[in-house]
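Q: Chains W and S supply the protein sequences, listed in that same order.
Under our numbering, think of the first position of the first sequence as 1, with each following residue one higher.
Under our numbering, think of the first position of the second sequence as 1001, with each following residue one higher.
All C-beta atoms, glycine included, are put in the ideal place defined by N, C-alpha and C.
Okay, handing you the structure first.
There are 2 protein chains.
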Amino acid sequence: MTSKQSPTARAGAWLAAFGDALEAGDIAAAVDRFQDDCYWRDLLSFTWNVKTLEGKDDVAAMLRATLADARPGAWAIEGEATENGGAVEAWFTFETAAARGRGHLRLKDGLCWTLLTTMTELKGHEERTGENRINGVRHGAEKGRRNWLERKTADEAELGHSRQPYCLIIGGGQGGIALGARLRRLGVPTIIVEQNARPGDSWRNRYRSLVLHDPVWYDHMPYLPFPDDWPVFTPKDKFGDWLEMYAKVMELNYWGSTECLGASYDAAAAEWTVTVNRDGTETTLRPRQLVFATGAYGYPKDIKFPGAEAFTGATLHTSAYVGGEAFAGKTCIVIGSGSSGHDVAADLWEHGADVTMVQRASTVVVRSETLMELGFADLYSEPAVQRGITTEMADLLFASMPFRLMPSTQIPLHEEIAKRDAAFYERLGAAGFRYDFGEDGAGLMAKALRTASGYYIDVGASGLIADGEIKLKSGVGIAGIGERSVRFDDGTELPADVIIHATGYGSMDEMVARLISPEVADKVGRFWGYGSGTNGDPGPWEGELRNMWKPTNQEALWFHGGNLALSRHYSLYVSLQIKARMENIPTPVHGLPPAAAR
Amino acid sequence: MTSKQSPTARAGAWLAAFGDALEAGDIAAAVDRFQDDCYWRDLLSFTWNVKTLEGKDDVAAMLRATLADARPGAWAIEGEATENGGAVEAWFTFETAAARGRGHLRLKDGLCWTLLTTMTELKGHEERTGENRINGVRHGAEKGRRNWLERKTADEAELGHSRQPYCLIIGGGQGGIALGARLRRLGVPTIIVEQNARPGDSWRNRYRSLVLHDPVWYDHMPYLPFPDDWPVFTPKDKFGDWLEMYAKVMELNYWGSTECLGASYDAAAAEWTVTVNRDGTETTLRPRQLVFATGAYGYPKDIKFPGAEAFTGATLHTSAYVGGEAFAGKTCIVIGSGSSGHDVAADLWEHGADVTMVQRASTVVVRSETLMELGFADLYSEPAVQRGITTEMADLLFASMPFRLMPSTQIPLHEEIAKRDAAFYERLGAAGFRYDFGEDGAGLMAKALRTASGYYIDVGASGLIADGEIKLKSGVGIAGIGERSVRFDDGTELPADVIIHATGYGSMDEMVARLISPEVADKVGRFWGYGSGTNGDPGPWEGELRNMWKPTNQEALWFHGGNLALSRHYSLYVSLQIKARMENIPTPVHGLPPAAAR
């Protein structure tokens, strides 16, 4: 029977056998369906966690812990499976006791190599879309009824005052807004507090030349994709306007001009006490769940160099840099060679400043055009859209590749990049710029996930460096600051009217320590990175980003963030975890790691 | 060969023969491919007009006038044809010398019964979408370059001052905004002027209980459909917020708080002089094209009844009615039984007023639920979406049915409605309400297209009338107004604290007469209606709505409007006509009718 040999038939047979073994509670038989070198990434469905199991023993242990509660079933291949380079790939759907899910499967020699299981919706708590959408009006007549605006206005006036939100999100950038939109659809009363006045201001307030470095296909917000003429690279103010409109039409409870002053958790009451200053008025909120969506970073990192206090010029961090108008004709030293260092140096040059970039450490640089063609094209591009790869599918395909396997795809990609752009790298190196592709050659995406720093997607600054238009001081440390100069540890000195710290940001744990307590920050531990053991991302190996989008060692405390794609995708899982807790659905968490020292 | 007999093959054969005949310039052969009883509706492709040809002679005359310029070709069936009730239906694409097009075909016995040809884009002036979208940033470095916001701010400051818009749209409701968005994509410099301060205010300012009477699937704006949880019936303020956000993210040049004071055309200079008052400052604009998008209506119709000046209560038109709060306990007379009369009467009742509706003429009433199920389900509904009917396809299918054939589908539909809701109509009749389905039984949609008045989609008020909660005075005229009462021509009199004129609106020609001149208003003639010969829509037969979305007898003067669906769909054709003129593409218009006396 030829159909037996089609990829779809083979995937279907695997899934049926796997499902039968799970239904029979036969964990050994289920594990037998995996290769020795296997990876099962689960986003909530089994583990109520964001978790990658590596190898059969891990899989068996996870199933022993979760199978009785999860009660999975209804496994069904979705669409047609394909065969690529010896691996059969298939989409599937399934259910657990609590939820519906979608997954992705890669088979080698009839056995599972990678498995992705993700939760898509909670049974009985589905979003009201399509034919289940609300009506918007109750037909018929009703004395004293209020219209939409009156109900909305009353609801906004009550929430946070006479009625407490179930969830409070600190930070109203794309992360907080995406999560807020999902919680809104799930009927979770939520307030977002944001220091800036309006949604989008966190982008508007950045330096004037900022444009999203990732392309439009990667950047959609949930539910409301950009229209089909949206530019490939969104200018910051245009993106700010989009976020502002998005927050409005999604009907988010967005408290602008609101600073969070402090938070503490009462475990007995299972409730947070959070003090906020809203436009000058202090208010105490008592949410059940607290989410930090302040970005993957902490506070701007201002490094205190010896002698800095006597400097007579201007010193600022890139987070405070708006534009180069004021710096025309000035001698500017930009300390740092990451994304903001490059962008700010180029903006200063465009405004006629004399710019020197101080490169303290080797940097991953990839040309935007090349990254678009080689890095994004498969999943997030117009050709991908044409091939039927929806944003949701792209997100799941990206999620289906475990961190352990990332170097195996990223190293060849960056070898190809190095080859294709050899002339570019040669010019950059000749100018004295130190570039690399990461300790293990896994390149830009790996760097972003490991340390969220030390890389630049070149949109023009590298050319200025290669041409000497932006001067470079590389391979030296800073010895101290003079009255109007910067001194280096090789004995040289450069004059400086302006010193710009492109020194990045601290870690989110600083915010936790300041807003909650150092004890809670210690209990929760490090953020970001997955224990790759590379510089800036020490082990032990975790295989998932630390503390992101999943339960932490502090009850009812969550961390949400990342770039636009990660914020979009993982906001789904954060929202489902919070909704499940609100509905008292059991959420036994498997595999909560001990906190990594911060 | 069986494929010869498939609907697709038959449609393909017809299209090939038709295309060959046109290519050969053999009009007789082309016309031979039509039934005697045939209809060809053309939206710009051949006629640069919105035009229905009826019968072979009309078709032949049109082809004789247009074929040499249009030079059509590249006819190709799109997707699979279907067969329904003896008619083969197919989609197709084609090109003309100037443009690309999409069409729809119905064959009976191998000959064409209905043909729709529509222009979709001008060659060389395509919208920049998908892989042709703009980049959003010029990579590389450039001294003195401005960012998106700086360019946008400068552009807004110049347009209408140091640089003239090519097109001026008067009226910033959904019609002006939809057209503005299309012109923006086509690169036509455009200003929209609107009396209200913000986009969406024309909805926000209406009576508090207003909710769109058409369902969400019918109401999408171009390019940016509502998200999939949008309510079936959008509350007015929510829709106002959507329009405001839409105008912002589409980057329209929207001049709020701006009144148009007057306009005149200089034929020699091919230019309008339009005076506007923008927030207290008078400005003169000199656009090449002027569009009225002030709605299908003119000014509110206030009828002067004898004795009205001595009335000691309150009198207002529904356009000024905001909500019933002030009228609790008052005796209110609502004069008129159209949509706003019903909505306002129900809102007054909900606020505890004593309400009597005065019905001056028989009214078409259809229950919303029934209309949704029988009227909208085929084209604009969740099941239609599931069947793959996109909004664009639904719009084209609706457009493919010529007005002449409308009664043949609408009469049976309304017979079914009458049967299904017999109990409803019996109760309504028993209360004294006079209802009908139009002179010829063609019902609600026909009434909307013929006179844009005299109908109500029941969302609750009819039940109140049937129950006597809203009292009814029907079949009488108004003899006069007393000091605190309304007198009827049957000699009866009713006390009144408040008289509300739900008397509708005048015609758009009043606006033309006031803002341009009575001469131009006379030259242009009547609006709306297609010459059905029914009450309020006198002949001669035109087969298309008068003066809407197409060239008028006044050069460079356009009228755009209609409900959300018509505004969405026909804004495409208005934008293409204006863009073609801006680019000096020849636009020979076929079949401009003489103005119908206004």
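(1) For T1129/S, which residues in chain W fall below 7 Å Cβ to Cβ?
(2) In whole angstroms, give me the CA-to-CA distance for A599/W and R206/W.
(3) So which residues of chain S does T234/W contact, with C-beta pairs closer than 7 Å?
(4) Looking only at C-alpha atoms, which of D302/W, A521/W, L428/W sits nearest to A502/W?
(5) For N1147/S and chain W, any beta-carbon pair shorter than 8 Å?
(6) From which residue to which residue does the beta strand (DSSP E) around G1480/S run?
(7) Count the other C-beta atoms from every protein chain shown that fall within 10 angstroms of the C-beta of G329/W, then say buried if there are 16 or more, exposed otherwise.
(8) Whose Cβ in chain W lies nearer than 8 Å to the Cβ of A1141/S?
(9) Reducing DSSP to helix, strand and coil, say where T2/W ends up.
(10) Go through its chain and collect everything with a Cβ distance to D602/W's Cβ below 7 Å, but skip five positions before and after it.
(11) Which runs of the beta strand (DSSP E) fall wholly inside the stretch 1121-1171 of chain S and span at least 3 residues, in chain order?
(12) Check W1040/S in the structure and name its three-state DSSP category.
(13) What are the partner residues of W91/W, as DSSP defines its beta bridges?
(14) What do you reckon, are the CB atoms on A361/W and G432/W nearer than 8 Å?
(15) State the start and end residues of the unbroken beta strand (DSSP E) segment that holds P1495/S.
(16) If we ignore side chains and look at the alpha-carbon of each, how far apart do A21/W and R106/W end up?
(17) Can you tell me whether Q641/W is buried or exposed, with buried defined as 16 or more other CB within 10 angstroms of its CB?
(18) State yes or no: is the beta carbon of M245/W nearer than 8 Å to at least one beta carbon in chain S?
(19) Where do the ends of the alpha helix (DSSP H) carrying S1571/S lie?
(20) Which residues of chain S have a Cβ atom closer than 7 Å to the Cβ of K238/W, listed in chain order?
(21) Using 10 angstroms around the beta-carbon of L261/W, count the other beta-carbons present and answer buried if the total reaches 16, otherwise exposed.
(22) Start and end of the alpha helix (DSSP H) containing H1414/S?
(23) If we cut at 8 Å on Cβ distances, does E1483/S have a partner in chain W?
(24) For the stretch 424-447 of chain W, which residues have a CB atom closer than 9 Å to at least one CB atom of chain S, in sequence order?
(25) Using the Cβ count rule (16 or more neighbours within 10 Å means buried), how would you classify T1153/S?
(26) Taking the beta strand (DSSP E) that E1259/S falls in, what are its first and last residues?
(27) Is the beta carbon of D1042/S less than 8 Å from the beta carbon of T1117/S?
(28) In terms of DSSP beta bridges, what is G1475/S paired with?
(29) Among the candidates G298/W, G295/W, V274/W, whose CA atom is the shortest distance from the CA of R600/W?
(30) Please state the DSSP three-state secondary structure of H1342/S.
(31) Name, please, each residue of chain W whose Cβ falls closer than 7 Å to the Cβ of D1241/S.
(32) Just the Cα atoms here: how many angstroms apart are L53/W and V1459/S?
(33) Tell me, to the nearest whole angstrom, how far the beta carbon of A1087/S is from that of K1108/S; I am working on the premise that it is less than 8 Å.
(34) Could you please give me the residues that DSSP links to Q359/W through a beta bridge?
(35) Can you pull the DSSP bridge partners for D1354/S?
(36) When you compare only the Cα positions, how much space is there between G352/W and G338/W?
A: Inspection of the coordinates gives the following:
(1) Listed along chain W are D228, D229, each with a C-beta nearer than 7 Å to that of T1129/S.
(2) Only positions 1 to 598 of chain W appear in the structure, and residue 599/W is not among them; the question remains open.
(3) Within 7 Å Cβ-Cβ: G1136.
(4) That would be D302/W, whose Cα lies nearest to the Cα of A502/W.
(5) Taking Cβ atoms only, chain W reaches closer than 8 Å to N1147/S, which makes this a yes.
(6) Its beta strand (DSSP E) spans residues 1478-1481.
(7) Looking at its Cβ environment, which holds fewer than 16 other Cβ atoms inside 10 Å, G329/W is exposed.
(8) Those are A346, W349, E350, G460, A461, G463, L464, E469, listed as they occur along chain W.
(9) Because the pLDDT at T2/W is just 42, under 50, the model does not fix this residue reliably, and the point stays unresolved.
(10) In the structure as shown, chain W starts at 1 and stops at 598, and residue 602/W therefore has no counterpart that could be examined.
(11) Complete beta strand (DSSP E) runs here, min 3: 1167-1170.
(12) Three-state result, W1040/S: strand.
(13) Per DSSP, the beta bridge partners of W91/W are E78/W, H104/W.
(14) The answer is no: Cβ separation not under 8 Å.
(15) Counting along the chain, the beta strand (DSSP E) containing P1495/S begins and ends at 1493-1495.
(16) A straight-line Cα-Cα distance of about 18 Å links A21/W and R106/W.
(17) With chain W covering 1 to 598 only, the question about residue 641/W has no answer from this structure.
(18) True, the Cβ-Cβ gap to chain S drops below 8 Å.
(19) Note, S1571/S: alpha helix (DSSP H), 1564-1582.
(20) For K238/W, the chain S residues whose C-beta falls within less than 7 Å of its own C-beta are W1148, listed in chain order.
(21) Burial call: exposed.
(22) Segment 1406-1420, the alpha helix (DSSP H) holding H1414/S.
(23) By this cut-off, E1483/S is not an interface position.
(24) Here the close residues number zero.
(25) A residue is called buried when at least 16 other Cβ atoms come within 10 angstroms of its Cβ; T1153/S does not meet this threshold and is exposed.
(26) DSSP places E1259/S in the uninterrupted beta strand (DSSP E) bounded by 1258-1266.
(27) Cβ atoms of D1042/S and T1117/S: closer than 8 Å.
(28) DSSP output for G1475/S lists no bridge partner at all.
(29) In the structure as shown, chain W starts at 1 and stops at 598, and residue 600/W therefore has no counterpart that could be examined.
(30) Annotated three-state conformation of H1342/S is helix, per DSSP.
(31) Going along chain W in sequence order, the residues near D1241/S (Cβ under 7 Å) are K248, V249.
(32) Each residue's Cα considered, the two are about 55 Å apart.
(33) Going by Cβ atoms, the distance from A1087/S to K1108/S rounds to 5 Å, so yes, they are a contact pair.
(34) For Q359/W, which the question treats as bridged, DSSP gives the partners S474/W.
(35) Note: D1354/S sits in a beta bridge opposite T1331/S.
(36) If you draw a straight line from the Cα of G352/W to the Cα of G338/W, it comes to about 21 Å.
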